[in-house]
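Letter by letter, the sequence shown follows residues 2 to 110 in our numbering.
A short write-up of the structure that comes next.
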Amino acid sequence: MPASLVSDVPHLREKTSKIGLIGRALAIFRVDEVVIYPDEPKTDQRREMNLIATILAYMETPQYLRRRLFKIKPELRYAGILPPLRTPHHPLTDKVKKLKVGEFREGVV
2 MPASLVSDVP HLREKTSKIG LIGRALAIFR VDEVVIYPDE PKTDQRREMN LIATILAYME
62 TPQYLRRRLF KIKPELRYAG ILPPLRTPHH PLTDKVKKLK VGEFREGVV
């Protein structure tokens, strides 16, 4: 994925929304790995690359682990507008006791 993906969008809210839509498509098509590469050699794109990586990692993390794994960052200011993912490790049940046989939840140790 090119780092210039969000360089044409002026506001962080729209950048977050654009990355969120792409993240949802990646989840739907079960993409395992995303490579973010600089595609404009004359400009420093580290900031855009970091933004894309941070938002995609945040989206991929189950909701119940986000507070433990992500500190408050300015890049995640508009994370509330990100679309939800319906992936196996994003369970709909909030209680561990209600999980069915074969279902699992990720954890942090």
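Backbone N, C-alpha and C define an ideal beta-carbon position, used for all residues, glycine too.
In this text, all values refer to a predicted model and were calculated from it rather than measured experimentally.
Please go through the same chain and pick out, in chain order, the residues whose beta-carbon is closer than 7 Å to the beta-carbon of residue i, but skip the five residues on each side of it.
i	result
residue 57	20, 24 and 35
residue 27	35
Can you look up residue i in the DSSP assignment and give me helix, strand or coil?
i	result
residue 38	strand
residue 3	strand
residue 75	helix
residue 70	helix
residue 14	helix
residue 27	helix
residue 112	Outside the modelled stretch of the chain, which goes from 2 to 110, sits residue 112, for which no answer is possible.
residue 19	helix
residue 101	coil
Report yes if the CB atom of residue i is closer than 7 Å to the CB atom of residue j, and no otherwise.
i	j	result
residue 66	residue 109	yes
residue 4	residue 37	yes
residue 82	residue 18	yes
Leaving aside the five residues before and after residue i along the sequence, list all residues of the same chain whose C-beta is less than 8 Å from its C-beta, in chain order.
i	result
residue 51	76
Let's test the definition: count the other Cβ atoms within 10 Å of the Cβ of residue i and tell me whether it reaches 16, buried, or not, exposed.
i	result
residue 72	exposed
residue 70	exposed
residue 49	buried
Checking contacts by CB at 7 Å: is residue i closer than that to chain D?
i	result
residue 60	Absence of chain D from the displayed structure is noted, only one protein chain being present.
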